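Take a look at the structure below.
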Amino acid sequence: MSIASILARTAVTSGAARLASATVDLLFPKRCVGCDREGAFLCQKCLAELPRVEPPFCFLCGQPGRLMMRLCPSCWERPLEIDGIRAPYRMEGAIRQVVHGLKYQYVRALAPDLGHLLSEFIAGSNLPADVLVPVPLHPRRERSRGYNQSLLLARETGKVVGLPVDDKALRRIRATPSQARSSSQKERRANVANAFAAETSLAEGRRILLVDDVCTTGATPEACAIALKEAGATSVWGLTLAREV
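Last residue of the sequence shown: number 247 in our numbering, and the count goes up by one each step with no gaps.
This is the structure in structure tokens:
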């Protein structure tokens with residue numbers, strides 16, 4: 003049974019879904035979104051088959067593909083203003099389902115499992131980090147959704163890897179349309195330009211690892227990185243669970 007079908011059976015939508023999400027998690031046992039096996043949202047077999055982001059990939063934006071150099075054509079033409087973006091998985095199949103379950107279907111119980119996947123990736127990487135900073139939502143959107151999925155991921159990841167989480171270092175100061183409505187990288191960059199502000203007292207001198215659920219073009223983590231570096235961060239890397247390809 004998929005996450006979507008569980009929620010469909012409960013016949014809840016929008017605000018009611020947010021209020022009922024905890025009840026859904028308790029009343030329905032976890033089932034693998036890949037094979038419907040009971041016990042976990044992703045069983046060990048399906049975990050092993052998740053589509054990983056494998057080299058070669060762009061050193062900056064993390065986009066996989068055949069590259070003539072370390073940068074993809076887009077970053078070669080106009081490099082992102084971030085030290086780099088990394089993701090363990092492609093935004094396909096079961097990963098897409100669980101990301102959408104956490105982000106749009108109010109299944110907060112997914113956060114620990116997904117945070118564990120991010121922590122495993124951090125353990126096997128050399129990403130410099132003193133602190134995890136979630137990509138913030140605008141307060142209006144966070145109130146509407148009931149939570150920030152990136153903060154949930156950061157908290158669960160921080161528990162495992164032993165890194166602090168600071169959700170005050172960065173804030174969204176301008177409400178923007180959903181990035182999903184923008185088709186091109188240029189539009190996405192314009193959409194989030196000057197949308198974030200960072201606290202100098204919390205960013206200065208720190209190596210920051212931005213945490214988000216999915217990366218499409220890198221426009222959002224870049225906008226966050228610009229604000230954090232202007233506030234004195236020594237480095238800013240982006241880490242997302244999945245990468246659109």
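Here a beta-carbon is modelled for each residue, glycine too, at the ideal position from N, C-alpha and C.
The structure displayed is predicted, hence computed values, not measured ones.
(message) Taking 8 Å as the threshold (C-beta atoms), are glycine 117 and leucine 155 in contact?
(response) Position 153 of the sequence shown, counting from 1, holds the residue named residue 155. Position 115 of the sequence shown, counting from 1, holds the residue named residue 117. Cβ atoms of leucine 155 and glycine 117: closer than 8 Å.
(request) Using the Cα positions of threonine 219 and arginine 88, report the straight-line distance between them to the nearest angstrom. (result) Locating residue 219 in the sequence shown gives position 217, counting from the first residue. Locating residue 88 in the sequence shown gives position 86, counting from the first residue. Rounded to the nearest angstrom, the two C-alpha atoms are 12 Å apart.
(request) Would you tell me roughly how many angstroms separate the C-alpha atoms of asparagine 150 and proline 138, rounded to the nearest one? (result) If you number the sequence shown from 1, residue 150 lands on position 148. If you number the sequence shown from 1, residue 138 lands on position 136. Those two C-alpha atoms are separated by around 7 Å.
(message) Pop quiz: alanine 205 and leucine 243 are said to be a contact at Cβ under 8 Å. What is the actual Cβ separation, rounded to whole angstroms?
(response) Counting from 1 along the sequence shown, the entry for residue 205 is found at position 203. Counting from 1 along the sequence shown, the entry for residue 243 is found at position 241. About 23 Å; that fails the 8 Å criterion.
(request) Select from Ala195, Val35, Ile228 and Gly41 the residue whose C-alpha is nearest the C-alpha of alanine 177. (result) As a working note, residue 177 is residue 175 in the sequence shown. Checked all of Ala195, Val35, Ile228 and Gly41; the closest Cα to alanine 177 is Ala195.
(message) Could you pull the DSSP bridge partners for leucine 44 from this structure?
(response) As a first step, residue 44 is located in the sequence shown; it is residue number 42 there, counting from the start. Paired residue(s): none; leucine 44 is not in a bridge.
(request) Determine contact between the region 96-111 and the region 59-78, defined as no fewer than three beta-carbon pairs at a distance below 8 Å. (result) no
(request) Could you tell me whether the region 159-173 touches the region 205-217, where touching means 3 or more Cβ pairs closer than 8 Å? (result) yes
(message) Which same chain residues end up closer than 6 Å to isoleucine 124 when comparing Cβ atoms and leaving out the 5 residues on each side of it in sequence?
(response) Against the sequence shown, residue 124 aligns to sequence position 122. Counting only Cβ-Cβ distances below 6 Å, and skipping sequence neighbours, we find Val163.
(request) Within the same chain, show all residues whose beta-carbon is closer than 6 Å to that of glutamate 246, passing over the 5 residues directly before and after it, in chain order. (result) In the sequence shown, the residue the question calls residue 246 occupies position 244. These residues qualify, in order along the chain: Met93 and Thr218.
(request) Tell me whether threonine 219 sits in a helix, a strand or coil according to DSSP, three-state version. (result) Locating residue 219 in the sequence shown gives position 217, where the first residue counts as 1. DSSP places threonine 219 in coil when its eight states are reduced to three.
(message) In whole angstroms, give me the CA-to-CA distance for glutamate 56 and glycine 234.
(response) Your numbering for residue 56 matches position 54 in the sequence shown. Your numbering for residue 234 matches position 232 in the sequence shown. Using only the alpha carbons, I get a separation of about 32 Å.
(message) On the criterion of 16 or more Cβ atoms from any shown chain inside 10 Å, does glycine 240 qualify as buried, or is it exposed?
(response) Start at 1 with the first residue of the sequence shown, and residue 240 comes out as number 238. So glycine 240 counts as buried.
(request) Answer with buried or exposed for aspartate 38, where buried requires no fewer than 16 other C-beta atoms within 10 angstroms of its C-beta. (result) Translated into the one-based positions of the sequence shown, residue 38 becomes position 36. With fewer than 16 Cβ atoms within 10 Å of its Cβ, aspartate 38 is classed as exposed.
(message) Just to confirm my understanding: we take aspartate 214, look at its own chain, exclude 5 residues before and 5 after, and list those with CB closer than 6 Å. What are they?
(response) Taking the first residue of the sequence shown as position 1, residue 214 is located at position 212. Excluding residues within five positions, the ones whose Cβ falls inside 6 Å are Val137, Ser152 and Thr242.
(request) Give the DSSP-derived three-state secondary structure of leucine 49 in the structure shown. (result) Indexing the sequence shown from 1 puts residue 49 at position 47. Leucine 49 falls in the helix class under three-state DSSP.
(request) Could I get the ranges of all uninterrupted beta strand (DSSP E) runs contained in the region 76-142, with 3 residues as the minimum, in chain order? (result) 86-88 and 133-136
(message) Quick check on glycine 126: buried or exposed, where buried means 16 or more other Cβ atoms within 10 Å of its Cβ?
(response) The residue given as residue 126 occupies position 124 in the sequence shown. So glycine 126 ends up on the exposed side.
(request) Take leucine 112 as the anchor and find which of Thr236, Thr222, Arg157 and Arg190 has the nearest alpha-carbon. (result) Counting from 1 along the sequence shown, the entry for residue 112 is found at position 110. Checked all of Thr236, Thr222, Arg157 and Arg190; the closest Cα to leucine 112 is Arg157.
(request) Confirm, please, whether the CB-CB distance from phenylalanine 61 to arginine 72 is below 8 Å. (result) Within the sequence shown, residue 72 is the residue found at index 70, counting from 1. Within the sequence shown, residue 61 is the residue found at index 59, counting from 1. In this structure, phenylalanine 61 lies closer than 8 Å to arginine 72 by Cβ.
(request) In the DSSP assignment, find the beta strand (DSSP E) that holds serine 237 and state where it starts and stops. (result) Against the sequence shown, residue 237 aligns to sequence position 235. First-last of the beta strand (DSSP E) with serine 237: 237-245.
(message) On the DSSP letters alone, give me the boundaries of the beta strand (DSSP E) that alanine 205 sits inside.
(response) As a working mapping, residue 205 is identified with position 203 in the sequence shown. It is not in any beta strand (DSSP E) - alanine 205 instead sits in the alpha helix (DSSP H) that spans 202-205.
(request) Measuring only between beta-carbons, confirm whether histidine 118 sits less than 8 Å from chain B. (result) Included in the structure is just one protein chain, with no chain B present.
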